[in-house]
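For reference, the structure is listed below as structure tokens.
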Amino acid sequence: MIARRDEKDNAQAIGARGISGYDGRLISCLVTAAMLHPPETLYESRLDSLPLIYRGKVRDVYAIDTDLLLIVTTDRLSAFDVILPDPIPGKGQVLTTVSNFWFERMADLIPNHLVDRPLAEFLTDPAERSQVMGRAIVARRLRAQPVEAIARGYLIGSGWKDYQRTGAICGLPLPAGLAQAAELPEPLFTPSTKAQVGIHDENITYAEAEQILGGELAAQIREVTLAIYRRAAAFAKTRGILIADTKFEFGLDEAGRLVLIDELLTPDSSRFWPADQYRPGISPPSFDKQFVRDYLETLDWDKTAPGPRLPETVIRQTAEKYREAQKRLMGSL
Ligand SMILES: Nc1ncnc2c1ncn2[C@@H]1O[C@H](COP(=O)(O)OP(=O)(O)OP(=O)(O)O)[C@@H](O)[C@H]1O
Ligand SMILES: [Mg+2]
């Protein structure tokens, strides 16, 4: 309402300077369109009506009150834990849609942080709503646990490095002679510590996770992590995607109940491989930042901030990969 009046005032002011009524209406329409159509790309959100409490690598977190958060998934992309200066258009919407899809599919295994109340209830300004449309959620404000829960079905990434060095992942022994990207005999739970922005997360043993979380909570997180992974991996396989590994975050509510938070089974938090291109012995292409990582490896960049600019083609191909992952998983865009 308020915005409508502003926009009318604006058009009237222009009209007073001599633009015809037709032009005034046209300008008014354009202003309305700009306000009500979400921008395709969002690097940093700016919501003046709520206090910003955290800008993560990808998400901007606002406090609604003591119990609720408004979480905006931007188009920022981090590689090697450095936030790059170029956003990937539409990435935030893809991550939000894919997470919501999985949260619902896992709801019988574990509650999640989503609160089913309309955005308009908390963002009354249409221009602010439009800015974050399709990429903002209302979530319960929970006590985030300082351990990230990683499930691995295949031997890749830091797991592969660990195995080559020690014959185990996070202290869990594996058969000798496994190739890179080999399917593991059983999915593994391999926790890591959650590091501050700019510092790499670090793999820890299950015993260390128990020390941080307590035995009971660690066991509960391990069990539900593996249950979610198994279900998701089986589903994704029917869509031609292998989930090599994935990372979950958990929070505790007032009553000490475990709740899934942050994002779930997205191309940012997981390695998705196209099943038809998979073979052990090589690192298969994945539906994530592969283009960006490959490009960055060609540069003389020491992988510390600030990150380099990306060429237009890398940005376009990366955006396309994110959309393709969503399309394959959900069958639509
Ligand atoms: N429901 C919730 N309650 C409390 N904190 C939450 C909730 N959902 C997400 N968070 C926290 O909000 C932040 C979101 O930021 P973002 O996803 O950008 O990640 P980050 O912390 O920079 O790093 P990472 O790459 O490890 O996810 C995370 O710190 C996450 O733990
Ligand atoms: Mg996160």
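Read left to right, the sequence shown gives residues 9 to 341 (this note's numbering). Glycine included, each C-beta is placed from N, C-alpha and C at the ideal position. In this text, all values refer to a predicted model and were calculated from it rather than measured experimentally.
Please report how far the alpha carbon of residue i lies from the alpha carbon of residue j, in whole angstroms.
{"i": "Glu112", "j": "Leu122", "result": "10 Å"}
{"i": "Gln188", "j": "Thr321", "result": "29 Å"}
{"i": "Thr326", "j": "Glu218", "result": "38 Å"}
{"i": "Glu48", "j": "Gly100", "result": "10 Å"}
{"i": "Leu38", "j": "Val146", "result": "Unreliable placement is indicated for Leu38, whose pLDDT of 48 sits below 50; the coordinate value is still reported in the next sentence. Using only the alpha carbons, I get a separation of about 30 Å."}
{"i": "Ile304", "j": "Trp281", "result": "Contrary to the premise, residue 304 reads as Leu rather than Ile in this sequence. Taking the straight line joining both Cα atoms gives about 20 Å."}
{"i": "Ile290", "j": "Ala283", "result": "13 Å"}
{"i": "Val300", "j": "Tyr286", "result": "20 Å"}
{"i": "Glu231", "j": "Ala71", "result": "31 Å"}
{"i": "Ala190", "j": "Asp89", "result": "26 Å"}
{"i": "Lys245", "j": "Phe109", "result": "16 Å"}
{"i": "Glu328", "j": "Ala115", "result": "29 Å"}
{"i": "Gln139", "j": "Ile96", "result": "16 Å"}
{"i": "Ser53", "j": "Thr233", "result": "31 Å"}
{"i": "Leu192", "j": "Asp73", "result": "44 Å"}
{"i": "Glu224", "j": "Lys65", "result": "30 Å"}
{"i": "Arg331", "j": "Ile323", "result": "13 Å"}
{"i": "Met338", "j": "Met141", "result": "20 Å"}
{"i": "Ala42", "j": "Arg143", "result": "At Ala42, the pLDDT of 49 sits below 50, so the modelled position is not reliable; the number obtained from the coordinates is stated separately. Rounded to the nearest angstrom, the two C-alpha atoms are 17 Å apart."}
{"i": "Ile79", "j": "Leu58", "result": "11 Å"}
{"i": "Val69", "j": "Pro119", "result": "20 Å"}
{"i": "Ala157", "j": "Asp261", "result": "18 Å"}
{"i": "Gly167", "j": "Asp209", "result": "13 Å"}
{"i": "Ala227", "j": "Pro183", "result": "24 Å"}
{"i": "Ile220", "j": "Val267", "result": "18 Å"}
{"i": "Cys178", "j": "Thr132", "result": "47 Å"}
{"i": "Asp310", "j": "Asp302", "result": "14 Å"}
{"i": "Leu103", "j": "Gly315", "result": "22 Å"}
{"i": "Thr198", "j": "Gly165", "result": "12 Å"}
{"i": "Ala128", "j": "Arg137", "result": "7 Å"}
Between residue i and ligand 2, is the CB less than 6 Å from at least one heavy atom?
{"i": "Asp270", "result": "yes"}
Name the DSSP bridge partner or partners of residue i?
{"i": "Gly259", "result": "Ala152, Val267"}
{"i": "Thr254", "result": "Ala159, Ser278"}
{"i": "Glu191", "result": "Tyr162"}
{"i": "Ser200", "result": "Glu156, Asn211"}
{"i": "Thr49", "result": "Answer by DSSP bridge pairing: none, since Thr49 is not bridged."}
{"i": "Val80", "result": "Asp68, Ala144"}
{"i": "Ser86", "result": "Ile91"}
{"i": "Leu60", "result": "Tyr70"}
{"i": "Pro292", "result": "Looking at the DSSP assignment, Pro292 forms no beta bridge with any residue, so it has no partner."}
{"i": "Asn3", "result": "Only positions 9 to 341 of the chain appear in this structure, which leaves residue 3 out of reach."}
{"i": "Pro181", "result": "Ala176"}
{"i": "Ile249", "result": "Pro282"}
So is the beta-carbon of residue i under 6 Å away from any non-hydrogen atom of ligand 1?
{"i": "Glu52", "result": "no"}
{"i": "Ala241", "result": "no"}
{"i": "His45", "result": "no"}
{"i": "Ala135", "result": "no"}
{"i": "Asp150", "result": "The question names Asp, yet the displayed sequence has Leu at residue 150. Yes."}
{"i": "Glu210", "result": "no"}
{"i": "Glu218", "result": "no"}
{"i": "Glu257", "result": "yes"}
{"i": "Ala147", "result": "yes"}
{"i": "Arg324", "result": "no"}
{"i": "Val66", "result": "yes"}
{"i": "Val102", "result": "no"}
{"i": "Val300", "result": "no"}
{"i": "Val106", "result": "no"}
{"i": "Val69", "result": "yes"}
Assign residue i to buried or exposed, taking buried as 16 or more other Cβ atoms, counted over all protein chains shown, within 10 Å of its Cβ.
{"i": "Arg173", "result": "exposed"}
{"i": "Gly175", "result": "exposed"}
{"i": "Thr81", "result": "buried"}
{"i": "Asp253", "result": "buried"}
{"i": "Ser107", "result": "buried"}
{"i": "Gly185", "result": "exposed"}
{"i": "Ala241", "result": "buried"}
{"i": "Arg151", "result": "exposed"}
{"i": "Gln334", "result": "buried"}
{"i": "Ala87", "result": "buried"}
{"i": "His45", "result": "exposed"}
{"i": "Ile249", "result": "buried"}
{"i": "Ala215", "result": "exposed"}
{"i": "Tyr62", "result": "exposed"}
{"i": "Leu163", "result": "buried"}
{"i": "Leu117", "result": "exposed"}
Comparing the CB of residue i with every heavy atom of ligand 4, is any distance shorter than 6 Å?
{"i": "Ala128", "result": "The model depicted lacks ligand 4 and carries ligand 1 and ligand 2 instead."}
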